[in-house]
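Trainee: Mind having a look at this structure? Questions to follow.
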Amino acid sequence: MNRSILARMASGSYVLKATIRQLNNKDVRLRRRAVRKLFELDDPTAIDAFIPLLKDSDEWFRGKALMAIQRWASMKDLNLAEKLSNSKKPEERILACRIAPKVGKSSERILKKMLDDEDNLVKQNAWKNILNLNDDYIEEAIKSSDVGIRVLAVDKIQLMYNIDNDLIKKIFDDDSSRIRKKAINILKSKPELYSSGEFDDVIIKIAENDNNIQIDALIMLIESGERNELFIQKIPLWLENENSKMIKLVVESTENKDWGEIDWLINTIMSSSNDKLISRMLRRKKSIEADKYRKEILLDDDRNAILRSRVIEDLFGKEQGKEITEIIHDLENNRNESISETAKMYRKSIS
50 MNRSILARMA
60 SGSYVLKATI
70 RQLNNKDVRL
80 RRRAVRKLFE
90 LDDPTAIDAF
100 IPLLKDSDEW
110 FRGKALMAIQ
120 RWASMKDLNL
130 AEKLSNSKKP
140 EERILACRIA
150 PKVGKSSERI
160 LKKMLDDEDN
170 LVKQNAWKNI
180 LNLNDDYIEE
190 AIKSSDVGIR
200 VLAVDKIQLM
210 YNIDNDLIKK
220 IFDDDSSRIR
230 KKAINILKSK
240 PELYSSGEFD
250 DVIIKIAEND
260 NNIQIDALIM
270 LIESGERNEL
280 FIQKIPLWLE
290 NENSKMIKLV
300 VESTENKDWG
310 EIDWLINTIM
320 SSSNDKLISR
330 MLRRKKSIEA
340 DKYRKEILLD
350 DDRNAILRSR
360 VIEDLFGKEQ
370 GKEITEIIHD
380 LENNRNESIS
390 ETAKMYRKSI
400 S
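With our numbering as the guide, the letters of the sequence shown map in order to residues 50 to 400.
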């Protein structure tokens with residue numbers, strides 16, 4: 050081996066050992082400096098020097114010891130993981146959960162005994178890591194009374210390539226809206242599951258009493274672009290909800306979509322009573338399809354006058370095609386004062 054390389058290795062080893070010795074110095078400032086230097090050197094062999102610091106009276110050193118062990122633990126640290134898992138301190142049991150996957154075959158055994166830990170953070174960390182090690186624990190986790198653990202299970206399911214349909218139905222049947230929302234997200238990320246139609250009845254059933262699911266189902270329909278006769282029957286009812294979150298998400302989802310590809314859904318929205326949603330969608334869309342709906346609304350005397358005026362307002366300062374321009378000019382004589390005044394203001398805005 051090259052002499053210069055050997056020299057650097059020897060020098061590095063000397064610096065490491067000298068720095069470790071400083072951890073026992075009575076001067077706290079020197080000890081802290083040594084800790085920072087060891088992190089800077091980033092040498093896993095320094096891990097043993099940090100273990101005694103777990104019992105240090107200074108919280109700062111205990112915290113750095115936890116960080117060092119999590120950072121540098123490896124397969125040789127099985128006994129350390131075992132010891133930490135039996136600690137009375139929750140933070141040390143959490144550390145055991147986090148380093149367990151690094152210690153080899155015994156990691157599952159170490160984690161398993163902490164699945165019912167009295168401390169919730171320990172329990173969460175144990176479940177998170179054991180689910181990452183073995184999918185067989187998903188069924189058990191999904192039945193847990195702890196919603197946080199069920200969330201971990203669903204997050205793991207979403208990463209799986211093949212997902213059992215019955216498992217997804219169980220998630221949809223969960224008492225927690227947070228979990229049910231994640232079930233929708235699974236279908237959004239797996240179009241082949243949604244397109245089967247197997248979950249339509251389940252989604253509609255829970256959406257009846259859950260506005261968040263209604264919103265998520267609408268977004269899923271927009272993103273998939275697939276016509277769904279069963280949902281068409283329910284969408285008008287869902288659209289009666291003038292929830293600002295729903296309006297924002299639907300507008301954003303349709304903005305960059307070709308409305309011609311989802312005309313069945315756009316038509317349903319434009320025929321709804323949700324004038325705020327209609328106005329927002331038209332305001333941000335420039336297309337032949339959008340112009341078609343603008344014309345229909347402006348010509349429809351049964352439409353809300355506020356909506357018709359708002360459609361005109363959104364065109365202020367923007368030259369329009371001949372047909373829309375003529376419609377707006379004709380509306381200057383409309384018997385509704387709001388519509389006629391707005392139409393006159395449009396003419397001024399483009400002159």
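Ideal Cβ placement from N, Cα and C applies to all residues, glycine included.
My understanding is that residue 324 touches residue 277, with C-beta atoms under 8 Å, so please give their C-beta distance in whole angstroms.
Mentor: Reading the sequence shown from its first residue, position 275 is the one you call residue 324. Reading the sequence shown from its first residue, position 228 is the one you call residue 277. That belief does not hold up - the Cβ atoms of residue 324 and residue 277 are roughly 24 Å apart, past 8 Å.
Trainee: At which residue ranges does the region 306-384 contain complete alpha helix (DSSP H) runs of 4 or more residues, listed in the order of the chain?
Mentor: Listed in chain order, the complete alpha helix (DSSP H) runs (minimum 4 residues) inside the region 306-384 are 312-319, 324-332, 337-348, 354-362, 371-379.
Trainee: Distance cutoff 7 Å, beta carbons only. Does residue 127 sit that close to anything in chain D?
Mentor: In the structure shown, chain D does not exist; there is a single protein chain.
Trainee: Compare the beta carbon distance of residue 201 and residue 219 with 7 Å and say whether it is the shorter of the two.
Mentor: Your numbering for residue 201 matches position 152 in the sequence shown. Your numbering for residue 219 matches position 170 in the sequence shown. Cβ atoms of residue 201 and residue 219: not closer than 7 Å.
Trainee: With distances taken from CA atoms, which of 83, 64, 78 is nearest residue 71?
Mentor: The count along the sequence shown starts at 1 and reaches residue 71 at position 22. It is 83.
Trainee: How would you call residue 109, buried or exposed, if buried means at least 16 neighbouring beta carbons within 10 angstroms?
Mentor: Taking the first residue of the sequence shown as 1, we reach residue 109 at position 60. Exposed, since its Cβ has fewer than 16 Cβ neighbours within 10 Å.
Trainee: State the DSSP-derived secondary structure class of residue 179, mapped to helix, strand or coil.
Mentor: As a working note, residue 179 is residue 130 in the sequence shown. Note: residue 179 maps to helix in three-state DSSP.
Trainee: Keeping to the same chain, check which residues put their C-beta closer than 7 Å to that of residue 368; ignore five residues upstream and five downstream.
Mentor: The residue you call residue 368 lines up with position 319 of the sequence shown. Excluding sequence neighbours, residue 368 sits near 399.
Trainee: Leaving out the 5 sequence neighbours to the left and right, which residues in its chain are closer than 6 Å to residue 366 when beta-carbon positions are compared?
Mentor: The sequence position of residue 366 within the sequence shown is 317, counting from 1. Once the five neighbours on either side are set aside, the close Cβ partners of residue 366 are 398.
Trainee: Assign residue 299 to one of three DSSP states: helix, strand, or coil.
Mentor: Counting from 1 along the sequence shown, the entry for residue 299 is found at position 250. If DSSP states are grouped into helix, strand and coil, residue 299 belongs with the helices.
Trainee: Counting C-beta neighbours from all protein chains within 10 Å, is the total for residue 395 16 or more, i.e. buried, or is it exposed?
Mentor: As a first step, residue 395 must be located in the sequence shown, where it is residue number 346. When all chains shown are included, residue 395 counts as buried.
Trainee: Short check: CB of residue 228 to CB of residue 199, under 7 Å?
Mentor: Counted from its first residue, the sequence shown places residue 228 at position 179. Counted from its first residue, the sequence shown places residue 199 at position 150. Cβ atoms of residue 228 and residue 199: closer than 7 Å.
Trainee: Is the Cβ-Cβ distance between residue 345 and residue 391 less than 7 Å?
Mentor: Against the sequence shown, residue 345 aligns to sequence position 296. Against the sequence shown, residue 391 aligns to sequence position 342. Not in contact: residue 345 and residue 391 (Cβ atoms no closer than 7 Å).
Trainee: Here's the rule: buried if 16 or more other CB atoms are within 10 angstroms of the residue's CB, otherwise exposed. What is residue 371?
Mentor: As a working mapping, residue 371 is identified with position 322 in the sequence shown. The residue is exposed, with fewer than 16 neighbouring Cβ atoms inside 10 Å.
Trainee: Would you call residue 337 buried or exposed, if buried means 16 or more other Cβ atoms sit within 10 Å of its Cβ?
Mentor: As a position in the sequence shown, residue 337 is number 288, starting the count at 1. Exposed.
Trainee: Count the other C-beta atoms from every protein chain shown that fall within 10 angstroms of the C-beta of residue 174, then say buried if there are 16 or more, exposed otherwise.
Mentor: The residue you call residue 174 lines up with position 125 of the sequence shown. Residue 174 should be labelled buried.
Trainee: What span of residues does the alpha helix (DSSP H) with residue 204 cover, start to end?
Mentor: Indexing the sequence shown from 1 puts residue 204 at position 155. From DSSP, the alpha helix (DSSP H) with residue 204 extends over 196-207.
Trainee: Compute the beta-carbon to beta-carbon distance between residue 403 and residue 252, rounded to the nearest angstrom, for a pair I have assumed lies under 8 Å.
Mentor: Past the boundaries of the shown model lies residue 403; the chain is included only from 50 to 400, so the question cannot be answered.
Trainee: Less than 7 Å between the C-beta atoms of residue 117 and residue 133, yes or no?
Mentor: Translated into positions along the sequence shown, residue 117 becomes position 68. Translated into positions along the sequence shown, residue 133 becomes position 84. It is not a contact, given that the beta carbons lie outside the stated cut-off.
Trainee: Is the distance from the Cβ of residue 114 to the Cβ of residue 99 below 7 Å?
Mentor: Numbered from its first residue, the sequence shown carries residue 114 at position 65. Numbered from its first residue, the sequence shown carries residue 99 at position 50. Contact flag set, yes.
Trainee: Going by C-alpha distance, which of 196, 86, 321 is nearest residue 351?
Mentor: Here residue 351 refers to the residue found at position 302 of the sequence shown. When each option's Cα is compared against that of residue 351, the closest is 321.
Trainee: Spatial neighbours of residue 328 within its chain, please: CB distance less than 8 Å, with the 5 preceding and 5 following residues excluded, ordered by chain position.
Mentor: The residue given as residue 328 occupies position 279 in the sequence shown. Hits under 8 Å: 356, 359, 360, 363.
Trainee: Nearest to residue 43 by CA position, among 296, 289, 313, 283, is which residue?
Mentor: Any answer about residue 43 is impossible in this case: the structure gives the chain only from 50 up to 400.
Trainee: Which residues in the same chain as residue 332 place their Cβ atom closer than 7 Å to its Cβ, once the five residues preceding and following it in sequence are excluded?
Mentor: Position 283 of the sequence shown, counted from the first residue, corresponds to residue 332. Counting only Cβ-Cβ distances below 7 Å, and skipping sequence neighbours, we find 363.
Trainee: Tell me which residue opens and which closes the alpha helix (DSSP H) that residue 248 is part of.
Mentor: Within the sequence shown, residue 248 is the residue found at index 199, counting from 1. DSSP places residue 248 in no alpha helix (DSSP H); its state is neither H nor E.
Trainee: Which residue comes first and which comes last in the alpha helix (DSSP H) that contains residue 393?
Mentor: The residue labelled residue 393 in the question sits at position 344 within the sequence shown. Start and end: 386-399.
Trainee: Looking at the structure shown, is residue 152 part of a helix, part of a strand, or coil, going by DSSP?
Mentor: Numbered from its first residue, the sequence shown carries residue 152 at position 103. In this structure, residue 152 counts as coil in the three-state DSSP scheme.
Trainee: For residue 105 and residue 290, what's the separation of their Cα atoms in angstroms?
Mentor: Within the sequence shown, the letter at position 56 stands for residue 105. Within the sequence shown, the letter at position 241 stands for residue 290. Near 58 Å, if we compare the C-alpha coordinates of residue 290 and residue 105.
Trainee: Answer with buried or exposed for residue 75, where buried requires no fewer than 16 other C-beta atoms within 10 angstroms of its C-beta.
Mentor: Position 26 of the sequence shown, counting from 1, holds the residue named residue 75. Residue 75 should be labelled exposed.
Trainee: For residue 70, does the three-state DSSP call read helix, strand or coil?
Mentor: In the sequence shown, counting from the first residue as 1, residue 70 sits at position 21. Reduced to three states, the DSSP call for residue 70 is helix.
Trainee: What separation, rounded to the nearest whole angstrom, lies between the Cα atoms of residue 157 and residue 150?
Mentor: Start at 1 with the first residue of the sequence shown, and residue 157 comes out as number 108. Start at 1 with the first residue of the sequence shown, and residue 150 comes out as number 101. Roughly 8 Å separates the two Cα atoms.
Trainee: Select from 299, 341, 305, 141 the residue whose C-alpha is nearest the C-alpha of residue 268.
Mentor: Numbered from its first residue, the sequence shown carries residue 268 at position 219. Shortest Cα-Cα distance from residue 268 to any of 299, 341, 305, 141 involves 299.
Trainee: Can you grab the Cα-Cα spacing for the pair residue 2 / residue 153, in whole Å?
Mentor: Past the boundaries of the shown model lies residue 2; the chain is included only from 50 to 400, so the question cannot be answered.
Trainee: Could you say which of 66, 247, 279, 203 lies nearest to residue 230 if we only look at CA atoms?
Mentor: For the purposes of this step, residue 230 is taken as the residue at position 181 of the sequence shown. Checking every option, the nearest Cα to that of residue 230 belongs to 203.
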